[in-house]
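Presented below is the structure to which this report refers.
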Amino acid sequence: MKRTVHSAEVFDAVREKLLQRGVTIEDIAKITYEMQAKYNPELTLADCVESVEAVLRKREIQHAMLVGIELDVLAEKGLLSEPLLSLVQTDEPLFGCDETLAFGSVLGYGSIAVTTFGHLDKEKIGIIRKLDTKIGAGVHTFLDDLVASLAAAASSRIAHRFRDLEEERNGHPQEDVV
Ligand code: MG
């Protein structure tokens, strides 16, 4: 019988898989903090953790994470067929599917998510650099881009929520919820 998977179950699975691959929510939140602290002086790391967790509750984000991490793991175990195996194992610069999957998942978070993702793709901040430079064993062809997409989506969410707070303080109700 087909089983319907609740998104809370997928959320737990994604968090567990990230941990298994050496990435904590806090690692991602630190990137978000670096991206947004200059615009929001009141921002805390706890705000960023909350935002990354909120992004990870979105189904499309969860599914992108599962697909990408699974391909990395299969490539690491040599379980993909050629030539895909070599393309993923070597993180071939023109492969492109890793960026496309990650980029697609940020589109629901608006232009700040898109521009932040582009910035992180180039600058490779924090844990992204560690994953990208292949320090230690393991294939992280998809994971570095997916972490960038999570940090970027969480950054956009924070930018919009801080504006909402500002408007509330000024006596206007919150209308633009991300
Ligand atoms: Mg990559």
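Remember, our numbering sits 53 above the position in the sequence shown when you count from 1.
Beta carbons: idealized from backbone N, C-alpha and C, even for Gly.
All values derive from a computational prediction rather than experimental measurement.
Residue of the options minimising C-alpha distance to residue i
i	options	result
V159	R210, H193, L127	R210
L173	G75, L203, P94, A190	L203
G149	L184, I178, D198	D198
M88	E220, E176, Q73	E176
S104	K91, K83, P94, T153	K83
K91	A212, E221, R74	A212
Cβ-based burial, residue i [other Cβ within 10 Å; buried from 16]
i	result
L147	exposed
H225	exposed
L196	buried
T169	buried
G157	exposed
T57	exposed
M143	Before going further, note that residue 143 is Thr rather than Met in the sequence given. It counts as exposed.
K55	exposed
S139	exposed
7 Å CB neighbourhood of residue i in its chain, flanking five on each side removed
i	result
Y86	L96, L98, C101
E106	I78
F64	L109, R110, Q115
T186	none
V67	L109, Q115, M118, L119
A201	A155, F170, L173, D174, I181
V192	D125, A128, E129, V141, Q142
Beta-carbon contacts of residue i that lie in its chain and below 8 Å, excluding the five residues immediately before and after
i	result
K70	M118, L119, I122
Cβ shell of residue i (< 6 Å), same chain only, five flanking positions each side left out
i	result
A206	V108, V159, Y162, A166
S60	R112
Extent of the continuous alpha helix (DSSP H) run through residue i
i	result
D144	From DSSP, D144 is part of no alpha helix (DSSP H); its letter is neither H nor E.
S164	163-176
H225	From DSSP, H225 is part of no alpha helix (DSSP H); its letter is neither H nor E.
H246	Residue 246 lies beyond the residue range present for the chain, which begins at 54 and ends at 231; the question has no answer from this structure.
Y86	78-89
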